[in-house]
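Participant: Right, I'll just put the structure down here and ask away after.
There are 2 protein chains.
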Amino acid sequence: MARTTGSDGGRTEAATREAALSLIARQGYEAVSMRQLAGEVGVQAAALYRYFPTKEDLLFTLMREHMEGLQQAWEAARPAAPDPAARLSAFVENHIRFHVARRHSTHVSNMELRSLSKDRLSQILRLRGSYEKELRQILREGAEAGLFIVDDVGMTAMAIIQMITGVIVWFRPDERLSVEEVAETYLSMTRRLVGADDAREKRNVRPHAEFRAG
Amino acid sequence: MARTTGSDGGRTEAATREAALSLIARQGYEAVSMRQLAGEVGVQAAALYRYFPTKEDLLFTLMREHMEGLQQAWEAARPAAPDPAARLSAFVENHIRFHVARRHSTHVSNMELRSLSKDRLSQILRLRGSYEKELRQILREGAEAGLFIVDDVGMTAMAIIQMITGVIVWFRPDERLSVEEVAETYLSMTRRLVGADDAREKRNVRPHAEFRAG
DNA sequence: GCAACAATAAAACGAACGTTCAATTAATTC
DNA sequence: GAATTAATTGAACGTTCGTTTTATTGTTGC
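Those sequence lines, one after another, are chains A and B. To convert, note that position 73 of the first sequence is 73 in full-length UniProt numbering; the numbers rise steadily by one, no gaps. To convert, note that position 102 of the second sequence is 102 in full-length UniProt numbering; the numbers rise steadily by one, no gaps.
Structure below.
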C-alpha cells in the first residue's frame, strides 16, 4: 500500500507533535520508540521521517517551541508599570498558568535535556536563561527599592522558579482545586518568601485582587 | 577466561551501585546499557547479573536505599523538642545537606520513577509519602500554634520540598558557595514563606518598608 | 593438594531499535 | 485525463539491547 485516503501532511505532523509530547512526558524520551509514536498517530514509523529528520530533531522542536511559547506568554502578560511587586505577581501567575496548561511539554523540556546534542542543549539553555533573567531583574529591582528581602538574587530566583514549576508535579486540573486557587496560594507564598507580604495585616480579608495579571 | 585474579564480589557489587548512580544520574536509566555500566565497573555485562537479577532490580535497589537513607537521616536529625520552628529548621537543613551530599541518587530517585513497575513504584512512593508527611505534620502544628502562616498544608509542603530539593539542580560544591551558606539562605526563605520569620525585627541592616501596593 | 565454592569471561539468544529505500497510491495541477 | 506532487506503506539494514548459558579460572577450606 501507499498513500491512504484522506491523508494530510499538516494533520499528521500536528498529531505527531501532540502524541510525542504525551508519550515522552509519561515514559521518557528514550523509552518511546518511533514505532510506538507512529502507532499512536495511526501511521507507520517511516512516515514520521517525512516531518522530522531524526528522533532528536523531533525532541528539539518540541523543546524549542515550549521555551519560545513561555517567553511569548510572559511578554504578553508582563505589566507595563515598573512596580516590582506587581511584576513579581504577574510573573508567578503567568508561569503557573502556562505550565499547568502545558504539563506535557513542561515535563519534556525539564526532564529530557540530557538527550540533546551539546549544541542544541545550549540553545535551549540560552532560552531558559533569558527567561529566568526576567525574574532576577524583578527581584533585583524590588530589593534595591527596599520592597523585597533578597539575600541572594540568583538563589532566590532558582528557589521561586523551582517552587512554582513544581506545581505540575502534583496538581491535576478538574479536582478539588482550580488553577486560580493554586496560583493564588503560590502567589502568597512567593510574596512572603521575598518579604513582600502584606498578608499579616490583611490576612482576615483575603485581599490580593489588585495584583491580577491578565 | 573466567574469574580474574583479585576479583571480589563485595567490591564489584559496590562499584556497580556507584557507577550506576553516576551514569543513570547523568544519562538517564534508559540510556545506560548494562554493557556500558559493566565497562565502567571493569567487568563483562554478564557479571552484573550475579548481583542484580535484572536492570530494573538494580534501579529499584538504588531508589529504595536512597529513600531509606533519607528517612534515617531525618530520624537522626529530628530534634527532641516539639517546637515547630526548630523542627522546620532541622528538616530544611537536613534535607539540603542530605541531597547535596547525594546528588546522584537524588536525581535517580526523582527522575526515574517511571521506569519502575507499578508495584515497585508504589513502594517508593510510599516511602516518599511517609517522609513528606513529617513536613506536613510540622507545618500543621506550627499553623495551629499560630506560629506559621499556612494557607494549605499540602501545597505548602510541596512548595517547600520542591524548593529545597531544587538546590541540587544548580548547586555545585567547591564553588563560591558552601553548603552552609546555601542551607542558611534557603532556611531564611523557608521561614519567610511560612511567615515564621523573625528577620523583620532582628534585621536592622536591610530596612524594608511595610509597603502597600495600590 | 584436592574438593567445594565464588567470580567471572565469552558467546549466543531473540527482540527491538532508529533509519533508509523503493514501490505505490491519493490528491492536485494543468 | 495525463502529469505531477504529496503521503504513506512494507520490507529491510545494521546495530544494540537485556538476558541466559556454559565453560573456565581464582580462591577458600580441609
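For each residue, glycine too, the CB sits at the ideal point set by N, CA and C. Please read all numbers here as calculations on a predicted model, not as lab measurements.
Between M67/B and chain A, is any beta-carbon pair separated by less than 8 Å?
Facilitator: Stepping through the second sequence from its first residue, residue 67/B is reached at position 67. No - not a single Cβ of chain A is within 8 Å of the one on M67/B.
Participant: Below 7 Å CB to CB, which residues in the same chain sit around G214/A once its five sequence neighbours on both sides are set aside?
Facilitator: Stepping through the first sequence from its first residue, residue 214/A is reached at position 214. Low local confidence applies: a pLDDT of 29 at G214/A is under 50, so the model's placement there is unreliable, with the coordinate-based value given in what follows. Answer for G214/A: A77, listed in chain order.
Participant: As an exercise, report each continuous alpha helix (DSSP H) stretch of at least 4 residues that is fully enclosed by the segment 77 to 102 of chain B, in chain order.
Facilitator: Entirely contained in the segment 77 to 102 of chain B, the alpha helix (DSSP H) runs reaching 4 residues are, in chain order, 84 to 101.
Participant: Smallest Cα separation from A15/A: which of A157/A, A47/A, R191/A?
Facilitator: Translated into the one-based positions of the first sequence, residue 15/A becomes position 15. Per the Cα distances, A47/A.
Participant: Since V108/A contacts L62/A with CB under 8 Å, what's their CB separation in whole angstroms?
Facilitator: Start at 1 with the first residue of the first sequence, and residue 108/A comes out as number 108. Start at 1 with the first residue of the first sequence, and residue 62/A comes out as number 62. Yes, they are in contact, since the Cβ atoms of V108/A and L62/A sit about 6 Å apart, within 8 Å.
Participant: Report yes if the C-beta distance between R112/B and I24/B is below 8 Å; otherwise report no.
Facilitator: The count along the second sequence starts at 1 and reaches residue 112/B at position 112. The count along the second sequence starts at 1 and reaches residue 24/B at position 24. Inspection of the sequence shows that residue 112/B is occupied by Glu rather than by Arg. It is a contact, given that the beta carbons lie within the stated cut-off.
Participant: Buried or exposed for T5/A, going by 16 or more other Cβ atoms inside 10 Å?
Facilitator: The count along the first sequence starts at 1 and reaches residue 5/A at position 5. The residue is exposed, with fewer than 16 neighbouring Cβ atoms inside 10 Å.
Participant: For H104/B, which residues from the same chain have a beta carbon less than 6 Å from its beta carbon, with the 5 sequence-adjacent residues on both sides left out?
Facilitator: Locating residue 104/B in the second sequence gives position 104, counting from the first residue. Here the set comprises L21, S22, A25.
Participant: Select from the segment 21 to 40 of chain B all residues with a C-beta closer than 9 Å to any C-beta belonging to chain A, and list them in chain order.
Facilitator: Going along the segment 21 to 40 of chain B in chain order, one finds R26, Q27, G28, Y29, E30, A31 with a Cβ nearer than 9 Å to chain A.
Participant: At 7 Å on the CB atoms, spell out the chain B contacts of S188/A, in chain order.
Facilitator: What you label residue 188/A is simply residue 188 of the first sequence in a count that begins at 1. The contacting residues are D151.
Participant: With a CB to CB cut of under 8 Å and the five nearest residues on each side skipped, what residues in its chain are close to A19/B?
Facilitator: The residue given as residue 19/B occupies position 19 in the second sequence. Excluding sequence neighbours, A19/B sits near L37, E40, V41.
Participant: So E30/A is in the alpha helix (DSSP H); what residue range does that whole segment cover?
Facilitator: What you label residue 30/A is simply residue 30 of the first sequence in a count that begins at 1. Taken as a continuous stretch (DSSP letters only), E30/A belongs to no alpha helix (DSSP H), as it is neither H nor E.
Participant: Kindly list the residues whose CB is nearer than 7 Å to the CB of E132/A, restricted to its own chain and excluding five residues on each side of it in sequence; keep chain order.
Facilitator: In the first sequence, the residue the question calls residue 132/A occupies position 132. If we look at E132/A and ignore the five residues flanking it on each side, its Cβ neighbours are A157, I161.
Participant: Any contact of the segment 115 to 133 of chain B with the segment 54 to 74 of chain B, i.e. 3+ C-beta pairs under 8 Å?
Facilitator: They touch, by the three-pair rule.
Participant: For V100/A, decide whether its Cβ has a neighbour in chain B, counting only Cβ atoms nearer than 8 Å.
Facilitator: Within the first sequence, the letter at position 100 stands for residue 100/A. Closer than 8 Å: no.
Participant: Going by Cα to Cα distance, which pick from H95/B, A80/B, M34/B is closest to V182/B?
Facilitator: Position 182 of the second sequence, counting from 1, holds the residue named residue 182/B. It is H95/B whose Cα lies nearest to the Cα of V182/B.
Participant: Apart from the five residues on each side of it in sequence, which residues of its chain come closer than 6 Å, Cβ to Cβ, to R11/A?
Facilitator: If you number the first sequence from 1, residue 11/A lands on position 11. Result list for R11/A: empty, nothing under 6 Å.
Participant: L88/B versus chain A: which residues are under 9 Å apart at the beta carbon?
Facilitator: Within the second sequence, numbered from 1, the residue matching residue 88/B stands at position 88. Here the premise fails: no neighbours, minimum Cβ distance about 14 Å.
Participant: With 8 Å as the threshold, decide whether the Cβ of V205/A is near any Cβ in chain B.
Facilitator: Indexing the first sequence from 1 puts residue 205/A at position 205. The predicted model places V205/A with a pLDDT of 34, which falls under 50 and marks its position as unreliable; any figure quoted below should be read in that light. No, its Cβ sits nowhere closer than 8 Å to a Cβ of chain B.
Participant: How would you label D197/A, buried or exposed, when you count the other beta carbons within 10 angstroms and need 16 or more for buried?
Facilitator: Working through the first sequence from its first residue, we reach residue 197/A at position 197. The residue in question, D197/A, is buried, as its Cβ has 16 or more Cβ neighbours within 10 Å.
Participant: Identify which residue in Y186/B, F148/B, A101/B has its Cα closest to the Cα of D174/B.
Facilitator: By 1-based counting over the second sequence, the position of residue 174/B is 174. Residue A101/B is the option with its Cα nearest to D174/B.
Participant: Taking M163/A as the query, report the chain B residues whose CB atoms sit under 7 Å from its CB, ordered along the chain.
Facilitator: As a working mapping, residue 163/A is identified with position 163 in the first sequence. Ordered by position in chain B, the residues that pass the 7 Å Cβ test against M163/A are A159, Q162, M163.
Participant: Report the rounded CA-to-CA distance for S115/B versus L58/A, giving the unit in angstroms.
Facilitator: On the second sequence, residue 115/B is found 115 positions in, with the first residue counted as 1. On the first sequence, residue 58/A is found 58 positions in, with the first residue counted as 1. Whole-angstrom Cα-Cα distance: 22 Å.
Participant: Hey, out of M155/A, P82/A, T190/A, R3/A, whose CA is closest to V179/B's CA?
Facilitator: Numbered from 1 along the second sequence, position 179 holds the residue referred to as residue 179/B. V179/B has its Cα closest to that of M155/A, out of M155/A, P82/A, T190/A, R3/A.
Participant: I need the boundaries of the alpha helix (DSSP H) containing Q137/A, first residue and last residue.
Facilitator: For the purposes of this step, residue 137/A is taken as residue 137 along the first sequence, with counting starting at 1. Start and end: 118 to 144.
Participant: Compare the Cα-Cα distances from N110/A to each of A45/A, A73/A, G166/A, E56/A and report the closest residue.
Facilitator: Looking up residue 110/A in the first sequence gives position 110. Ranking A45/A, A73/A, G166/A, E56/A by Cα distance to N110/A puts G166/A first.
Participant: Within its chain, find whatever has a CB closer than 7 Å to the CB of S89/B; leave out the 5 residues flanking it on each side and keep chain order.
Facilitator: Reading the second sequence from its first residue, position 89 is the one you call residue 89/B. Closer than 7 Å at the Cβ level, and outside the excluded window around S89/B, lie L187.
Participant: Would you please verify whether the beta carbon of R192/A is less than 8 Å from any beta carbon of chain B?
Facilitator: Numbered from 1 along the first sequence, position 192 holds the residue referred to as residue 192/A. Closer than 8 Å: yes.
Participant: With a 10 Å radius around its C-beta and 16 neighbouring C-beta atoms as the bar for buried, classify D83/A as buried or exposed.
Facilitator: Taking the first residue of the first sequence as position 1, residue 83/A is located at position 83. When all chains shown are included, D83/A counts as buried.
Participant: Taking any Cβ of chain A, which residues in the segment 103 to 121 of chain B have a Cβ under 9 Å from it, in chain order?
Facilitator: Listed by position, the residues of the segment 103 to 121 of chain B near chain A (Cβ gap below 9 Å) are M111, E112, R114, S115.
Participant: Buried or exposed: E184/A, going by 16 or more other Cβ atoms within 10 Å of its Cβ?
Facilitator: Against the first sequence, residue 184/A aligns to sequence position 184. Label assigned to E184/A: buried.
Participant: Looking only at its own chain, which residues have a Cβ that is under 7 Å from the Cβ of L135/B, when we skip the five neighbours before and after it?
Facilitator: Position 135 of the second sequence, counted from the start, is the residue given in the question as residue 135/B. Here the set comprises F91, A157, I160, I161.
Participant: Going by beta carbon distance, what residues of the same chain come within less than 8 Å of R140/B, once the five residues before and after it are set aside?
Facilitator: Indexing the second sequence from 1 puts residue 140/B at position 140. These residues qualify, in order along the chain: V150, V153.
Participant: What residues from chain B crowd round W74/A, counting only those whose CB sits closer than 7 Å?
Facilitator: Here residue 74/A refers to the residue found at position 74 when the first sequence is read from its first residue. Chain B residues near W74/A: none, gap ~20 Å exceeds 7 Å.
Participant: On a Cα-Cα basis, can you pick out the residue from E56/B, A145/B, T190/B, I164/B that is closest to K118/B?
Facilitator: Looking up residue 118/B in the second sequence gives position 118. Per the Cα distances, E56/B.
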